[in-house]
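Some notes on the structure that comes next.
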Amino acid sequence: MQSIKRDMNPKLNRKAWMFILPSAVLIAVFVFYPMVQAFITSFQSGAGNRLSFSGLDNYKRLLADTTFRKALGNTLLFLAVQVPIMIILALIISSMLNNKRLKFKGLFRTAIFLPCVTSLVAYSIIFKSLFAVDGFVNAVLMKVHMISAPIPWITDPILAKVLIIIAITWRWTGYNMVFYLSGIQAIDDSIYEAAEIDGAGIYQKFKSITLPMLKPIILFTTINSTIGTLQLFDEPMNITAGGPANATITISQYIYHVLFKYSPNFGYAAAISYVIVVMIVLLSFIQMKVGDKND
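The numbering of the sequence shown is this note's numbering, which starts it at 968 and goes up by one.
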């Protein structure tokens, strides 16, 4: 009873708000205000201080913009292919690295996690060099007689998409692995021991124990990965430059082009950015509903 009265004390409430207020102000100024301003800008056209109200013209333009449709299709393709691959790989690797009999676990965990703290630009340039026509990957494949001619990873439309998917998967699988590994280590060993006594094998334990216990973490990483993929920019920009012929251009890269490469149009770029916002909100909502339903 005394603790309840203490919680209702106005003085304590004011002190709590004093701690919250600086963060709330910073979030409002640097997050919510730019979001509102970008939404207002999406109904304008022009650049800099020469913005003029254009109504829904920017959103109407999206419907007829072939480059935008290409960027949207590429982004959704990367999302549909790369995210499931990355999540599955992270789950498998985390289960393997949780094996108590495995030696040098710390080394393997560090090696797999290391790509996600590597500079985006640096690793993109290295990937571009490795997968060049005269690069290391083609040289090795030809050396072992797996191919007879160099593979045009960067200049072929389909292979360029494959290269982007390989690059993203290499970079972010270790990031998700850390979440799954911490979740697996939180599962009581007695549950696995009881399953072994009942005759469950590795696959049965993974399917019936590990996956159900990791559902909240899987949902979290899936939403995070979805948001990151919808905002994908660095890899297409630095590895393929969105080519060949916009074969790997993404929505974020197209926004950059509209702002800085083409004739600047802040309003149209803001309208495109809000497409990403709507997609993130809808997909996150669907994933959360599916996750809650399964629970």
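Note that the Cβ used here is the ideal one computed from N, Cα and C, for glycine as well.
Distance from the CA of N1066 to the CA of V1225, rounded to the nearest whole angstrom, comes to 50 Å.
Looking only at Y1000, T1042 and S990, the smallest Cα-Cα distance to S1192 is reached by T1042.
Shown here for A1238: same chain residues with a beta carbon closer than 7 Å to its own, the five before and five after excluded, namely S1009, N1025, Y1026 and L1029 in chain order. Using a 10 angstroms sphere on the CB of Y1142, the tally of other CB atoms reaches 16 or more, which defines it as buried. Counting only the Cα atoms, N980 lies some 43 Å from V1050. Within a 10 Å sphere around the beta-carbon of M1144 sit 16 or more other beta-carbons, which makes this residue buried. Nearest to F1035 by C-alpha distance, out of I1079, N1213 and M1255, is N1213. Contiguous alpha helix (DSSP H) elements confined to the stretch 1197–1256 occur at 1218–1223, taking only those with 4 or more residues. Assignment of S1149 by DSSP, reduced to helix, strand and coil, places it in the helix class. Each residue's CA atom was taken as its position, placing I1132 and I1194 some 16 Å apart. If you check the CB distance, K1172 and A1161 do not come in under 8 Å. Secondary structure note for A1047: its alpha helix (DSSP H) is the uninterrupted segment T1033 to L1064.
The stretch 1088–1098 makes contact with the stretch 1202–1217; the number of CB pairs closer than 8 Å reaches 3 or more. Judged by beta-carbon spacing, Q1004 lies beyond the 8 Å limit of G1234, meaning their Cβ atoms are not closer than that value.
Apart from sequence neighbours up to five positions away, no residue of its chain approaches L1081 with a beta-carbon distance below 6 Å. The three-state secondary structure of F1020, taken from DSSP, is strand. Under the three-state reduction of DSSP, S1009 is assigned to coil, being neither helix nor strand. Our two residues, N1232 and G1013, have alpha carbons roughly 5 Å apart in a direct line.
DSSP places L1069 in the coil class of the three-state scheme, outside both helix and strand. Taking a 10 Å sphere around the C-beta of F986, we find fewer than 16 other C-beta atoms and assign the residue as exposed. Within the same chain, Cβ atoms closer than 6 Å to the Cβ of F1094 are found at A1134 and I1206, the five residues on either side in sequence being excluded. Classified as exposed, T1077 has fewer than 16 neighbouring CB atoms from the shown chains inside 10 Å of its CB.
In terms of Cβ geometry, T1177 and M1053 do not form a close pair [threshold 8 Å].
Looking at the backbone, the Cα of K1072 and that of L1058 are separated by about 16 Å. Taking C-alpha positions only, V1111 is separated from W1139 by approximately 29 Å. Our two residues, D1165 and P1124, have alpha carbons roughly 51 Å apart in a direct line. In the structure shown, A1099 falls within a coil segment according to DSSP collapsed to helix, strand and coil. Taking a contact as a CB-CB distance under 8 Å, the pair L1108 and P1119 does not count as one, their CB atoms being some 13 Å apart.
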